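So the protein lines, in turn, are chains A, B and C. Numbering-wise, the first sequence is residues 0 to 258 according to numbering that gives the first Met the number 0. Numbering-wise, the second sequence is residues 0 to 258 according to numbering that gives the first Met the number 0. Numbering-wise, the third sequence is residues 0 to 258 according to numbering that gives the first Met the number 0. Working notes for the structure below.
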Amino acid sequence: MSLKVEDHGRVRKLTLNRPEQLNAFNNEQYAAVRDALKQTEEEEPGIAVAVLTGEGRAFSAGQDLAEMQRMIDSGSEGYQFPSFLAQLTSFKKPLIAAVNGVGVGIGMTLLSHCDLVLISSTAKLRTPFSQLGLAPEAGSSGLFPMRMGWQNAAYTLLSGKWMSAEEVHQAGYVWKVCPPEELMAQAMTVAEEIAANPISSLIATKELMLAGGRLTLAQESHAREIEVYKDLVGAPANREAIAAFLENRKPDFSKIPGA
Amino acid sequence: MSLKVEDHGRVRKLTLNRPEQLNAFNNEQYAAVRDALKQTEEEEPGIAVAVLTGEGRAFSAGQDLAEMQRMIDSGSEGYQFPSFLAQLTSFKKPLIAAVNGVGVGIGMTLLSHCDLVLISSTAKLRTPFSQLGLAPEAGSSGLFPMRMGWQNAAYTLLSGKWMSAEEVHQAGYVWKVCPPEELMAQAMTVAEEIAANPISSLIATKELMLAGGRLTLAQESHAREIEVYKDLVGAPANREAIAAFLENRKPDFSKIPGA
Amino acid sequence: MSLKVEDHGRVRKLTLNRPEQLNAFNNEQYAAVRDALKQTEEEEPGIAVAVLTGEGRAFSAGQDLAEMQRMIDSGSEGYQFPSFLAQLTSFKKPLIAAVNGVGVGIGMTLLSHCDLVLISSTAKLRTPFSQLGLAPEAGSSGLFPMRMGWQNAAYTLLSGKWMSAEEVHQAGYVWKVCPPEELMAQAMTVAEEIAANPISSLIATKELMLAGGRLTLAQESHAREIEVYKDLVGAPANREAIAAFLENRKPDFSKIPGA
Numbered sequence: 000m001s002l003k004v005e006d007h008g009r010v011r012k013l014t015l016n017r018p019e020q021l022n023a024f025n026n027e028q029y030a031a032v033r034d035a036l037k038q039t040e041e042e043e044p045g046i047a048v049a050v051l052t053g054e055g056r057a058f059s060a061g062q063d064l065a066e067m068q069r070m071i072d073s074g075s076e077g078y079q080f081p082s083f084l085a086q087l088t089s090f091k092k093p094l095i096a097a098v099n100g101v102g103v104g105i106g107m108t109l110l111s112h113c114d115l116v117l118i119s120s121t122a123k124l125r126t127p128f129s130q131l132g133l134a135p136e137a138g139s140s141g142l143f144p145m146r147m148g149w150q151n152a153a154y155t156l157l158s159g160k161w162m163s164a165e166e167v168h169q170a171g172y173v174w175k176v177c178p179p180e181e182l183m184a185q186a187m188t189v190a191e192e193i194a195a196n197p198i199s200s201l202i203a204t205k206e207l208m209l210a211g212g213r214l215t216l217a218q219e220s221h222a223r224e225i226e227v228y229k230d231l232v233g234a235p236a237n238r239e240a241i242a243a244f245l246e247n248r249k250p251d252f253s254k255i256p257g258a
Numbered sequence: 000m001s002l003k004v005e006d007h008g009r010v011r012k013l014t015l016n017r018p019e020q021l022n023a024f025n026n027e028q029y030a031a032v033r034d035a036l037k038q039t040e041e042e043e044p045g046i047a048v049a050v051l052t053g054e055g056r057a058f059s060a061g062q063d064l065a066e067m068q069r070m071i072d073s074g075s076e077g078y079q080f081p082s083f084l085a086q087l088t089s090f091k092k093p094l095i096a097a098v099n100g101v102g103v104g105i106g107m108t109l110l111s112h113c114d115l116v117l118i119s120s121t122a123k124l125r126t127p128f129s130q131l132g133l134a135p136e137a138g139s140s141g142l143f144p145m146r147m148g149w150q151n152a153a154y155t156l157l158s159g160k161w162m163s164a165e166e167v168h169q170a171g172y173v174w175k176v177c178p179p180e181e182l183m184a185q186a187m188t189v190a191e192e193i194a195a196n197p198i199s200s201l202i203a204t205k206e207l208m209l210a211g212g213r214l215t216l217a218q219e220s221h222a223r224e225i226e227v228y229k230d231l232v233g234a235p236a237n238r239e240a241i242a243a244f245l246e247n248r249k250p251d252f253s254k255i256p257g258a
Numbered sequence: 000m001s002l003k004v005e006d007h008g009r010v011r012k013l014t015l016n017r018p019e020q021l022n023a024f025n026n027e028q029y030a031a032v033r034d035a036l037k038q039t040e041e042e043e044p045g046i047a048v049a050v051l052t053g054e055g056r057a058f059s060a061g062q063d064l065a066e067m068q069r070m071i072d073s074g075s076e077g078y079q080f081p082s083f084l085a086q087l088t089s090f091k092k093p094l095i096a097a098v099n100g101v102g103v104g105i106g107m108t109l110l111s112h113c114d115l116v117l118i119s120s121t122a123k124l125r126t127p128f129s130q131l132g133l134a135p136e137a138g139s140s141g142l143f144p145m146r147m148g149w150q151n152a153a154y155t156l157l158s159g160k161w162m163s164a165e166e167v168h169q170a171g172y173v174w175k176v177c178p179p180e181e182l183m184a185q186a187m188t189v190a191e192e193i194a195a196n197p198i199s200s201l202i203a204t205k206e207l208m209l210a211g212g213r214l215t216l217a218q219e220s221h222a223r224e225i226e227v228y229k230d231l232v233g234a235p236a237n238r239e240a241i242a243a244f245l246e247n248r249k250p251d252f253s254k255i256p257g258a
């Protein structure tokens, strides 16, 4: 099971559960999170708040690159990412992330779709899109500037460098840094504070806030990103980057005109 | 008189003046602030800047709940809040708030419509909307994310918990924390710095800034909130919350399906 | 030559080079920066990142006021500012500013169009628009709230006061404060970190981010500002302010109705 689901009163805890793959998203995990969010929203009138975390030492290492290659080869047939993202983007109940370890790629960008992000002081985050010859995804081209200001967003997306828990907190991308051993307890405490209020009001609040700009920004940014990916995926810079990654060497873009 | 008006050179000071009701807004006070802002904008070519503060130990305890109940019962006939808010939202001259004590509900949300907010270090703010079975008002569903970032806005609006002066400052919701005894002097100093410039330029600057997004965001957010309130006001969660408040007990939402 | 251009690997360094005029923008300098950015974007497939700085002790003292007067007198014939701004606003490659000294007017507002801003700890910034009887320019009426939050933007634009390097950093307007002697080295280090990635990805990232709101906000804000300037330039408050400036005295707006 790529996702564990547990209820604590009015709080549902969702735990990414592929610890040996550092919770990297394969198709099954995308589908599992999507379905769990959909069920929480539509079929659980007694659940007020969802908390998302990761099993083991990582939060999520991001897109499984081997699977990404298969998707590219097969023309994205059956790829569960778009429907996962659509569900995440419009999820109507409060969603809290407890980032227990590294978050890479979608493991960092999905946090822009959460309402509160708590992070372990030992965790770090990174979006290696430009290093892979790619571009921002999951709406991050629009949501990162909204969530951490233009300059932090630009540095993160353009450089692809690691950001420490303290740096993403300073940037405003996460709400609170916690000692690792207190992360889940603090996340659950906040979740319960919120869950004590009427669910009808929590849904109304989240929906009004989303309508204030975040939902449209996320959807439109994602739509633009999809178009850009059509040009970048499989282009020379992307091929060189993936080859270098699989061969465990530094990519050499200098031989590629314009890359 | 629910509002005191005093001029200091080119600065007009407006003081909410129902100290025994902690400056809670009744219909008369909404109308008084609305009319004072309108007059400052339209009939006072020598007034450059307005400063809003509260008499006594509170800034404003928010909507007067007894009056709110009367408004609900009477179908909002004669309710002065919408025209108050419309005037506040589009006020053309710089508006500075000096938050001398607690701000609750509209006593917190109106600050999103001010251009600079100074707060006493002993003050605290809170929006108990979800706790009352309601939802954000006064455009706060859109303006809070703009003014304090998504996560602080979500925590404040969803939880309804108190935020200290230091917390709202860290969140970016207020510009400056002052010792209580220096609050008014510091607010007047900033007001006078700004008021020294040509009023035509101050109005042009404020109007250009409003046109850059805040005005539309406030108006559209408020319009959406109005629709949501139609469903929430008087619904079971709201009735239980108000009953519990009046009976001075903890509300019990668990008996209400979906609440 | 009002602009020095040097390449360091994949990084192009552009240095405003009118040190005796504190790099104030005259028509020639506007045109030089515009042309250099355009060439970097269109004709230099091997340049990934541009860095903008100033020669001597200032970054830029802003619009050359004597030239501004000539432009007003001649009906803006041949004025290079609009095409400079249009190029800056839509520049497709990452643009990093290294603010080596004072930035005034456009010397501060152009930073909103940069992706990362590093500043010397001894520098300071200021927009004296309202003090000159004018209003925000270069899209700053929309971009300042986006880059430093509403309240810092309002204070800066309305008051026209100096802000120290530390203050603009606290406000989020600059990304990093550096000791003066380390400014260029740190700016080049960041530029090189980014420039190590495929240029195709850097351009895609910047364009997606711009499409997420900044480009339209900048263009629409500038268009509104242009309209407002038609009323303010040459009006009594502006004439008094410029006369006082040239006569090195404090302006007296009290004799001008509404100013």
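Even for Gly, the Cβ is constructed at its ideal location relative to N, Cα and C. If you're wondering where the values come from, they're calculated on a predicted model, not measured in any experiment.
Assuming residue i contacts residue j under a Cβ cut-off of 8 Å, what Cβ separation, rounded to an integer in Å, is found between them?
i: R223/B; j: A210/A; result: 6 Å
i: G53/B; j: T14/B; result: 7 Å
i: A137/B; j: I105/B; result: 6 Å
i: A30/A; j: A60/A; result: Rounded, the Cβ-Cβ distance is 18 Å, inconsistent with contact.
i: A57/A; j: K92/A; result: Not quite, the Cβ-Cβ distance comes to about 25 Å (not below 8 Å), so this is no contact.
i: L36/A; j: N99/A; result: With 8 Å as the limit, L36/A and N99/A do not qualify as a contact, their Cβ atoms being about 19 Å apart.
i: E219/C; j: G141/C; result: 7 Å
i: R17/A; j: Q28/A; result: 6 Å
i: L201/B; j: A97/B; result: No, L201/B and A97/B are not in contact; Cβ-Cβ is about 18 Å, not under 8 Å.
i: N196/C; j: G159/A; result: 7 Å
i: R69/C; j: G45/C; result: Actually they do not touch by this definition, with Cβ atoms about 39 Å apart.
Helix, strand or coil: which one does DSSP assign to residue i?
i: D230/A; result: helix
i: V173/C; result: coil
i: D92/B; result: Residue 92/B is actually Lys in this sequence, not Asp. Coil.
i: S82/C; result: helix
i: R69/B; result: helix
i: R248/C; result: coil
i: K37/C; result: helix
i: K160/B; result: coil
i: G104/C; result: coil
i: I118/C; result: strand
i: T52/B; result: strand
i: E191/B; result: helix
i: A23/A; result: coil
i: R11/A; result: strand
i: S1/B; result: coil
Taking 9 Å as the threshold (beta carbon to beta carbon), is residue i in contact with chain C?
i: N16/B; result: no
i: L156/B; result: no
i: L109/A; result: no
i: E206/B; result: yes
Any beta carbon from chain A within less than 9 Å of residue i's own beta carbon?
i: N196/C; result: yes
i: L124/C; result: no
i: V167/B; result: no
i: F252/B; result: yes
i: P44/C; result: yes
i: D230/C; result: no
Is the CB of residue i under 9 Å away from at least one CB in chain B?
i: G211/A; result: yes
i: L201/A; result: yes
i: G104/C; result: no
i: L182/A; result: no
i: G257/C; result: yes
i: Q28/C; result: no
i: V4/C; result: no
List the residues of chain D that residue i touches, going by C-beta distances under 9 Å, in chain order.
i: P93/C; result: In summary, chain D is missing from the structure at hand, where the protein chains are A, B and C.
(message) What are the residues in the region 137-149 of chain A lying within 8 Å of chain B by C-beta distance?
(response) Within the region 137-149 of chain A, the residues whose Cβ lies closer than 8 Å to some Cβ of chain B are M145 and R146, listed in chain order.
(message) Give me the subset of the region 233-245 of chain C whose CB atoms are less than 9 Å from a CB atom of chain B, sorted by chain position.
(response) A234, P235, A236, N237, E239 and A240
(request) May I ask you to verify whether the region 171-182 of chain C touches the region 234-245 of chain B, counting CB pairs closer than 8 Å and requiring at least 3? (result) These segments do not touch.
(message) When you compare the region 5-19 of chain B with the region 149-165 of chain A, are there three or more beta-carbon pairs, one atom per stretch, that lie closer than 8 Å?
(response) no
(request) Mind the definition here: the region 75-85 of chain C touches the region 122-135 of chain A only if three or more C-beta pairs lie below 8 Å; say whether that holds. (result) no
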